[in-house]
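Chemist: I have a structure I would like to understand better, so I am pasting it below and will then ask my questions one at a time.
Residue numbers (the working numbering): 2 to 208.
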């Protein structure tokens with residue numbers, strides 16, 4: 002999802018993107034090497050260097066930084082959460098994926114970032130009855146849920162193998178979904194930021 006959102010941001014011409022790969026498996030870096038271009042910029046990093054890299058990025062004209070964090074809950078994921086202005090939390094709708102979501106929310110809440118988090122239903126059939134149940138469960142946990150759900154598609158794997166994003170393969174279902182998700186996230190970014198500012202002001206007023 003991170004590499005595809007990075008290519009959407011670049012191809013729309015709105016951003017110069019830095020994609021930071023914090024995942025030890027290095028899938029974003031491998032994708033960047035396969036891609037063989039400098040747009041978007043893809044770098045591997047250690048969590049303790051995140052702040053330095055993000056601050057330096059602006060000096061080189063970067064307008065959007067995306068962090069690809071590991072799916073497991075560990076100090077690396079927490080470092081990414083703390084550094085982020087907006088957190089995207091992808092999840093599938095089956096029980097084995099929904100069950101650990103409570104722990105994920107606890108981690109995000111510990112960094113006071115729940116109001117800045119958007120859950121995205123990923124790799125699921127949007128017509129399935131489970132999708133609506135999953136949306137309700139995520140809402141109960143306090144998560145904002147993106148309207149667009151991503152389905153399982155061979156186009157994602159095909160794009161990755163070629164060092165591309167699905168939006169660069171032409172018009173297809175996966176491309177349309179990514180562009181719709183990007184629009185969702187742009188709309189939600191202002192809302193979640195505003196909520197966080199209001200919440201912070203309220204807490205400061207109380208103290």
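All C-beta atoms in this analysis are idealised placements derived from N, C-alpha and C, irrespective of residue type, glycine included. Owing to the predicted nature of the structure, the values given are computational and were not obtained by experimental measurement.
Pull up the distance between the alpha-carbon of residue 195 and that of residue 103, whole angstroms please.
Modeler: Along the chain shown, one-based indexing puts residue 195 at 194. Along the chain shown, one-based indexing puts residue 103 at 102. Note on residue 195: pLDDT 40, under 50, position unreliable in the model; no value is reported.
Chemist: Looking only at DSSP bridge pairs, what is residue 45 linked to?
Modeler: In the chain shown, counting from the first residue as 1, residue 45 sits at position 44. According to DSSP, residue 45 bridges with 22.
Chemist: Quick check: what's the CA-CA separation for residue 144 versus residue 113?
Modeler: To locate residue 144, count along the chain shown from 1; it is residue 143. To locate residue 113, count along the chain shown from 1; it is residue 112. When rounded, the distance between both Cα atoms is 13 Å.
Chemist: Along the alpha helix (DSSP H) that carries residue 160, what are the first and last residues, could you check?
Modeler: Sequence index remark: in the chain shown, residue 160 carries index 159 (1-based). That run of the alpha helix (DSSP H) goes 155-162.
Chemist: So the beta strand (DSSP E) residue 92 belongs to, where does it begin and stop?
Modeler: Reading the chain shown from its first residue, position 91 is the one you call residue 92. 88-92 is the extent of the beta strand (DSSP E) around residue 92.
Chemist: Please say whether residue 151 and residue 182 have beta carbons closer to each other than 9 Å?
Modeler: The residue given as residue 182 occupies position 181 in the chain shown. The residue given as residue 151 occupies position 150 in the chain shown. Yes, they are a contact pair.
Chemist: One question on the structure: do residue 86 and residue 175 come within less than 9 Å of each other, judged by their Cβ atoms?
Modeler: Within the chain shown, the letter at position 85 stands for residue 86. Within the chain shown, the letter at position 174 stands for residue 175. Going by C-beta atoms, residue 86 is not nearer than 9 Å to residue 175.
Chemist: What residue range is occupied by the uninterrupted alpha helix (DSSP H) comprising residue 30?
Modeler: In the chain shown, counting from the first residue as 1, residue 30 sits at position 29. First-last of the alpha helix (DSSP H) with residue 30: 28-36.
Chemist: In angstroms, rounded to a whole number, what distance separates the CA positions of residue 39 and residue 11?
Modeler: For the purposes of this step, residue 39 is identified with residue 38 of the chain shown, where counting begins at 1. For the purposes of this step, residue 11 is identified with residue 10 of the chain shown, where counting begins at 1. Taking the straight line joining both Cα atoms gives about 11 Å.
Chemist: Check residue 107 in the structure and name its three-state DSSP category.
Modeler: Residue mapping note: residue 107 aligns to position 106 of the chain shown, counting from 1. Helix, per DSSP.
Chemist: Does DSSP put residue 185 in a helix, in a strand, or in coil?
Modeler: By one-based count along the chain shown, residue 185 stands at place 184. Here residue 185 sits in helix by DSSP.
Chemist: DSSP puts residue 113 in a beta bridge; with which residues?
Modeler: For the purposes of this step, residue 113 is taken as residue 112 along the chain shown, with counting starting at 1. BP columns for residue 113 are empty, so no partner.
Chemist: When DSSP builds the beta bridges, which residues end up paired with residue 69?
Modeler: One-based indexing of the chain shown puts residue 69 at position 68. Beta-bridge pairing links residue 69 to 22.
Chemist: Mind reading off the beta-carbon distance from residue 46 to residue 20? Whole number of angstroms is fine, and I expect it under 8 Å.
Modeler: If you number the chain shown from 1, residue 46 lands on position 45. If you number the chain shown from 1, residue 20 lands on position 19. In fact, because the Cβ distance is near 10 Å, the residues do not count as touching under 8 Å.
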